[in-house]
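Residues 135 to 795, numbered by our numbering, are exactly what the sequence shown covers, in order.
Glycine is no exception: its CB is placed at the ideal position from the N, C-alpha and C atoms.
Each remark here refers to the structure printed beneath this line.
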Amino acid sequence: MGGRLHGQQTLHEDFVPRLVGLHHTGNYQVPLAFPAGAPVVEIVGGRGSGRTALIDAVHDAYSGRVPLARVDLDAPGFGEPGVADLADEDAPNASRLTHLLYVLAYRLGLDVRHFGKALAFPRLSLGLLVVTAWRPANTGERDVRPPDLRRAEADLRTLVTAEDPDLRRRRESLGRWFDLVTANLPQVLSAVPGLDALAGIVLDAARQQLLRGEPDKGALAWWGARLHGSQGYQGDSLQRLFQFVRVFRRLDDRRRTAEEHLVAALLDDIDACYGRLRRLNRKPRPLLLVDNAHTPTGRAFLGLLERSWAPGTGPVTRPVVLATRLGRGAAHPPLTDAAGALPDAGPLVLSIPAVESGHIAEMLSAVDYPDHLPRLVARWSGGRAASARTLADTAVRGVRETGSLATADLLDAAAPDLLARLLPDPVMRERLVLLSAAADAATRRGLWTFAHPEDHSGDLVAARVRETDDYRHTSCLDGDRALDLVLRHRFAATTTHERWRDTQLRLRSLCDPRGDTYLHHTLAVGRTEEVVCALHHRFTTTAPAHWLTTLNTVCSAPRPRPGYEPPAPGAPLSCTACGSDEPSPQHEAVASLVPLLWRLSDPLTLAPREDELTTVRIALETLYGNRAAHAAYREASAAWPARLRAGDQAPDLPVPEGVPS
Numbered sequence: 135m136g137g138r139l140h141g142q143q144t145l146h147e148d149f150v151p152r153l154v155g156l157h158h159t160g161n162y163q164v165p166l167a168f169p170a171g172a173p174v175v176e177i178v179g180g181r182g183s184g185r186t187a188l189i190d191a192v193h194d195a196y197s198g199r200v201p202l203a204r205v206d207l208d209a210p211g212f213g214e215p216g217v218a219d220l221a222d223e224d225a226p227n228a229s230r231l232t233h234l235l236y237v238l239a240y241r242l243g244l245d246v247r248h249f250g251k252a253l254a255f256p257r258l259s260l261g262l263l264v265v266t267a268w269r270p271a272n273t274g275e276r277d278v279r280p281p282d283l284r285r286a287e288a289d290l291r292t293l294v295t296a297e298d299p300d301l302r303r304r305r306e307s308l309g310r311w312f313d314l315v316t317a318n319l320p321q322v323l324s325a326v327p328g329l330d331a332l333a334g335i336v337l338d339a340a341r342q343q344l345l346r347g348e349p350d351k352g353a354l355a356w357w358g359a360r361l362h363g364s365q366g367y368q369g370d371s372l373q374r375l376f377q378f379v380r381v382f383r384r385l386d387d388r389r390r391t392a393e394e395h396l397v398a399a400l401l402d403d404i405d406a407c408y409g410r411l412r413r414l415n416r417k418p419r420p421l422l423l424v425d426n427a428h429t430p431t432g433r434a435f436l437g438l439l440e441r442s443w444a445p446g447t448g449p450v451t452r453p454v455v456l457a458t459r460l461g462r463g464a465a466h467p468p469l470t471d472a473a474g475a476l477p478d479a480g481p482l483v484l485s486i487p488a489v490e491s492g493h494i495a496e497m498l499s500a501v502d503y504p505d506h507l508p509r510l511v512a513r514w515s516g517g518r519a520a521s522a523r524t525l526a527d528t529a530v531r532g533v534r535e536t537g538s539l540a541t542a543d544l545l546d547a548a549a550p551d552l553l554a555r556l557l558p559d560p561v562m563r564e565r566l567v568l569l570s571a572a573a574d575a576a577t578r579r580g581l582w583t584f585a586h587p588e589d590h591s592g593d594l595v596a597a598r599v600r601e602t603d604d605y606r607h608t609s610c611l612d613g614d615r616a617l618d619l620v621l622r623h624r625f626a627a628t629t630t631h632e633r634w635r636d637t638q639l640r641l642r643s644l645c646d647p648r649g650d651t652y653l654h655h656t657l658a659v660g661r662t663e664e665v666v667c668a669l670h671h672r673f674t675t676t677a678p679a680h681w682l683t684t685l686n687t688v689c690s691a692p693r694p695r696p697g698y699e700p701p702a703p704g705a706p707l708s709c710t711a712c713g714s715d716e717p718s719p720q721h722e723a724v725a726s727l728v729p730l731l732w733r734l735s736d737p738l739t740l741a742p743r744e745d746e747l748t749t750v751r752i753a754l755e756t757l758y759g760n761r762a763a764h765a766a767y768r769e770a771s772a773a774w775p776a777r778l779r780a781g782d783q784a785p786d787l788p789v790p791e792g793v794p795s
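Here it is in structure tokens:
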């Protein structure tokens with residue numbers, strides 16, 4: 135399994151090679167999965183699911199073997215060393231898309247051994263040149279460029295705008311202007327520090343196109359045809375190209391139209407570099423790896439790719455595009471189905487499968503680990519490969535250092551790193567740890583006010599909670615049970631017993647005493663008998679399926695750290711459902727279920743003992759009492775022990791309808 139990829143071998147070792155046309159390790163061709171042109175492939179997964187590991191593995195497999203560009207759209211300079219982010223989002227001569235296109239053209243244009251002539255980008259380089267370096271007249275911008283460059287531009291402007299230009303003079307003027315632009319690229323590209331060296335290499339392809347004797351040949355002819363018929367473009371191809379920059383400098387939808395032309399130029403340059411001979415020889419296709427395509431730049435780029443992807447007529451060669459984005463993959467087929475997935479139109483979207491117990495066992499194989507450990511790692515990782523790796527590495531290190539491993543120590547040691555990876559913002563991470571104590575959205579504001587009495591304004595409190603919820607949502611971690619387990623454990627581990635008690639009592643005071651969350655927080659306080667009496671009373675008045683749902687919710691209450699002493703009840707407790715001093719069999723059944731299920735819902739719980747499972751079964755059978763209307767309890771008595779044995783916990787135990795037969 136390579137030690138890094140888990141459940142992704144189908145795509146890495148089979149599907150991607152058939153997109154590229156080259157085996158992932160051997161230097162031999164493989165049949166193309168899409169001979170007429172592959173779709174863009176998008177890989178969707180949550181934080182820590184292994185998206186970047188997949189990109190890294192594909193990059194390592196094909197680096198130096200095919201034209202390849204790997205970019206991280208969430209990294210400074212898109213991952214290009216020495217290149218910074220765009221310094222001015224409203225720069226007239228640069229955008230994040232042009233920045234990205236410079237990086238792609240540079241990396242795809244590098245020489246590849248045994249591949250033949252390197253890819254060239256004359257169409258794209260011409261478009262990037264005028265966007266980057268040409269300043270239309272009367273822009274009102276402060277011009278800090280050297281005087282000789284300004285003079286060369288003024289001379290060229292006269293020739294470019296002439297109705298009947300002297301082509302020889304224009305060619306000479308273009309040469310002088312280009313040389314001065316190249317010599318002053320750091321100033322010309324001041325909005326993107328560090329890009330000048332890379333851009334100079336890319337723009338070299340533009341020089342021979344500009345200095346052609348005929349203005350309507352080659353890449354210039356492509357721009358002339360591309361802009362023909364568009365409103366405002368006149369003259370020959372070169373004149374239209376220089377008019378194109380005005381469209382780009384509009385900081386509105388017209389800039390996106392200009393960027394669409396540049397993306398189309400990238401694709402058509404790649405197609406032109408292949409041509410008939412390379413297609414007949416089945417040369418491997420270039421590979422474009424885009425990590426973190428969920429960013430605004432990624433969404434824009436993929437959208438422009440899709441609009442320019444479909445060819446006009448005849449055969450066409452498109453690059454293989456593998457893009458990863460943060461999201462929920464459940465709505466899409468898994469990577470294991472990649473070979474059979476054929477989209478009707480648009481991109482092929484696949485999800486990353488959850489890490490499995492076999493993968494976790496492999497991660498732990500360096501030491502002699504207890505049998506229950508893979509199950510706990512799976513529970514706390516939520517199927518995320520990176521989380522499982524963090525937990526496994528912590529466990530292996532703990533066993534090597536101490537010779538044994540306590541599950542509480544493992545989660546204590548791994549939780550900070552797990553949360554830092556899933557929730558990189560430390561302020562939001564601290565907020566989410568606090569708010570994890572609240573069982574529902576209705577009590578979060580009250581909890582915030584309790585923890586932050588300095589925030590007097592209700593609007594401010596609401597904003598703080600909303601910001602935190604939005605952060606979790608944008609991180610695609612809504613409803614993530616494994617994250618909730620780690621957050622709650624972290625809250626308990628970093629909270630004093632007194633603070634725990636006061637927090638749970640405060641939360642309980644915000645709940646309707648008739649509701650499930652009231653009992654949930656009552657149990658978290660440690661008042662078990664109070665919960666038992668309340669649940670026994672509800673047993674006599676509530677439908678079985680509803681009661682089992684309540685039991686699930688209540689027994690999923692978080693547990694304090696060891697050593698906690700619950701506060702004594704304010705008055706002696708008596709069960710109103712029993713009607714006498716002697717507890718009924720049903721009361722005793724509830725009294726055995728509540729503390730046991732609560733303990734078994736602790737994320738630190740190991741596999742339950744068989745006698746504990748027997749207790750659960752007998753208690754539910756007692757509640758059934760051979761009454762047809764209570765059939766749900768009979769079904770639960772069979773299902774719950776099996777699910778608990780398999781590692782399920784409240785509130786995820788199944789609630790049968792129990793319809794009488």
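Query                                                                                                                                                                     : Result
Would you tell me roughly how many angstroms separate the C-alpha atoms of PRO694 and THR637, rounded to the nearest one?                                                 : 11 Å
Which of the three DSSP states, helix, strand or coil, is assigned to LEU220?                                                                                             : coil
What number of angstroms, rounded off, separates the C-alpha of SER371 from the C-alpha of CYS407?                                                                        : 21 Å
In whole angstroms, what separates the C-alpha of GLY781 from that of ALA741?                                                                                             : 7 Å
Under 7 Å between the Cβ atoms of CYS798 and GLY180?                                                                                                                      : Residue coverage of the chain in this structure runs from 135 to 795, which leaves residue 798 outside it and unanswerable.
Would you kindly report the start and end of the unbroken beta strand (DSSP E) that includes ALA203?                                                                      : 202-206
According to DSSP, is GLN142 helix, strand or coil?                                                                                                                       : coil
Apart from the five residues just before and just after GLU699, which ones in its own chain have a Cβ nearer than 8 Å to its Cβ?                                          : HIS631, GLY660
Excluding the five sequence neighbours on either side, which residues of its own chain have a C-beta within less than 6 Å of the C-beta of LEU669, listed in chain order? : VAL724
By Cβ distance, which residues of its chain are closer than 8 Å to TRP774, with the 5 residues on each side in sequence left out?                                         : VAL750, ARG751, LEU754, LEU787, PRO788
How long is the line joining the alpha carbons of GLU664 and ASP148, rounded to whole angstroms?                                                                          : 59 Å
Could you pull the DSSP bridge partners for VAL483 from this structure?                                                                                                   : GLU176
Less than 7 Å between the C-beta atoms of LEU552 and THR524, yes or no?                                                                                                   : yes
Taking 7 Å as the cut-off, decide whether the C-beta atoms of GLY243 and LEU234 are in contact.                                                                           : no
Looking at the structure shown, is ASP313 part of a helix, part of a strand, or coil, going by DSSP?                                                                      : helix
Determine the direct distance from the alpha carbon of LEU653 to that of ALA575, and round the result to whole angstroms.                                                 : 16 Å
Alpha carbon to alpha carbon, how far is PRO210 from ALA325? Give it in angstroms, no decimals.                                                                           : 14 Å
Just the C-alpha distance for TRP311 and LEU354, rounded to the nearest angstrom, thanks.                                                                                 : 17 Å
Expressed to the nearest angstrom, what Euclidean distance is found between the alpha-carbon atoms of LEU619 and ASP603?                                                  : 17 Å
To which residues does DSSP link THR292 through a beta bridge?                                                                                                            : Partner(s): none; THR292 has no beta bridge.
How many angstroms separate the CA atom of THR458 from the CA atom of ARG433?                                                                                             : 11 Å
Which residues in the same chain as LEU301 place their Cβ atom closer than 6 Å to its Cβ, once the five residues preceding and following it in sequence are excluded?     : none
For VAL489 and LYS351, what's the separation of their Cα atoms in angstroms?                                                                                              : 54 Å
Mind checking whether ARG388 and VAL379 have CB atoms under 7 Å apart?                                                                                                    : no
For ASP551, report the span of its alpha helix (DSSP H) as first-last.                                                                                                    : 541-556
Return the CA-CA distance between GLY613 and LEU657, expressed in angstroms with no decimal places.                                                                       : 22 Å
Given VAL200, which residues of its chain have a CB within under 8 Å of its CB, disregarding the five upstream and five downstream residues?                              : VAL154, LEU156, VAL246, PHE249, PRO418, ARG419, PRO420, LEU421
Per DSSP, which one or two residues make a beta bridge with ARG459?                                                                                                       : VAL178
State buried or exposed for ASP298, treating a residue as buried only when at least 16 other CB atoms are found within 10 Å of its CB.                                    : exposed
Under a three-way DSSP split, which group does GLN368 fall into?                                                                                                          : coil
Tell me the residue span of the alpha helix (DSSP H) that contains LEU734.                                                                                                : 719-734
Taking its Cβ as the centre, do 16 or more other Cβ atoms sit within 10 Å of THR756, making it buried, or is it exposed?                                                  : buried
What is the rounded straight-line gap between the Cα of LEU429 and the Cα of ASN272?                                                                                      : The amino acid occupying residue 429 in the given sequence is Thr; Leu does not appear at that position. Distance between the alpha carbons of THR429 and ASN272 is about 35 Å.
Please classify VAL336 as buried or exposed, where buried requires at least 16 other C-beta atoms within 10 Å of its C-beta.                                              : buried
Closest to ASP206 by CA distance: which of GLU535, ASN426, HIS466 is it?                                                                                                  : ASN426
Residues in the same chain with beta-carbon distance under 8 Å from GLU176, minus the five sequence neighbours each way, listed in chain order, please.                   : ALA427, LEU436, ALA457, THR458, ARG459, PRO481, LEU482, VAL483, LEU484
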